[in-house]
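Chains as they are written, first to last, in the working numbering: chain Z, 1 to 111; chain S, 1 to 115.
Note sheet for the following structure.
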């Protein structure tokens, strides 16, 4: 079955710096890769997603890149702000509707 | 759009009792709903997938007789934790996706504490 690895587990950055979170997946049939942000005690919120027919997608300060050959995808947050502090999860799906989640990255942005 | 609600937001129960958690899609028809369990500082673990009108598909290691799932309509799925024990204490989150969509929208979660 699909396995998704996520790194790093924790990430601390200064406000204004960039943050990058990386995920690798094992199932070459996976074709949908969402990223979720979860604040403490709250629901995961979809922040961006990418499909396998696209290599990069950007939404304001957030971008995601996908390398199908290497089977990895990354989340890039630029000009980080304290409110970006949260746990970020990557996930992968292969048309089964089922999402397999990474282990999460705790991002802390220090003012 | 794509709002999912969950009720209750938290529940405390005695060991041996059953607890029902509701998950509703408020503004779209959820053909598929998912139930996850999340332990503190850990990732989301998929428990089961349910499609409206059919039996839920449980992940390996999840007891179907312990975690009863019903998806009776396109806007409602329920998870019943039967004969709850302290080890069942956890954060339970549902998600829903619409027809022809693989995007999942999550409910706010239910924190279950079994004494």
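Positions of the beta carbon are idealized from the N, C-alpha and C atoms, including for glycine.
query                                                                                                                                           : result
I think residue 21/S touches residue 110/S, with their Cβ atoms under 8 Å apart; what is that distance to the nearest whole Å?                  : 5 Å
From the beta carbon of residue 89/Z, is the nearest beta carbon of chain S less than 8 Å away?                                                 : yes
Taking the CB atoms as reference points, tell me whether residue 74/Z and residue 109/Z lie closer together than 8 Å.                           : no
Within a Cβ cutoff of 8 Å, which residues of the same chain sit near residue 56/Z, ignoring the five residues on either side of it in sequence? : 50, 63, 64, 65 and 66
Please determine, among 11/S, 12/S, 88/S and 30/S, the residue with the shortest C-alpha to C-alpha distance to residue 47/S.                   : 88/S
Show which residues of chain Z have a CB atom less than 7 Å away from the CB atom of residue 102/S.                                             : 32, 93 and 97
Just verifying my parser: in three-state terms, what is the DSSP assignment at residue 15/Z?                                                    : coil
List, in chain order, every chain Z residue whose beta-carbon is nearer than 9 Å to that of residue 76/S.                                       : Those within 9 Å of residue 76/S in chain Z number zero; the least Cβ separation is about 18 Å.
Helix or strand or just coil, what does DSSP make of residue 56/Z?                                                                              : strand
What are the residues that DSSP puts in a beta bridge with residue 34/Z?                                                                        : 49/Z
Say whether chain S places a C-beta atom closer than 8 Å to the C-beta of residue 43/Z.                                                         : yes
Does residue 73/Z have its Cβ less than 8 Å from a Cβ in chain S?                                                                               : no
Of the residues 64/S, 45/S and 4/S, which one's Cα is nearest the Cα of residue 114/Z?                                                          : The requested residue 114/Z does not occur in the structure, where chain Z is confined to residues 1 to 111.
Tell me which same chain residues have a C-beta within less than 6 Å of the C-beta of residue 69/S, skipping the five on either side of it?     : 48, 50, 56 and 79
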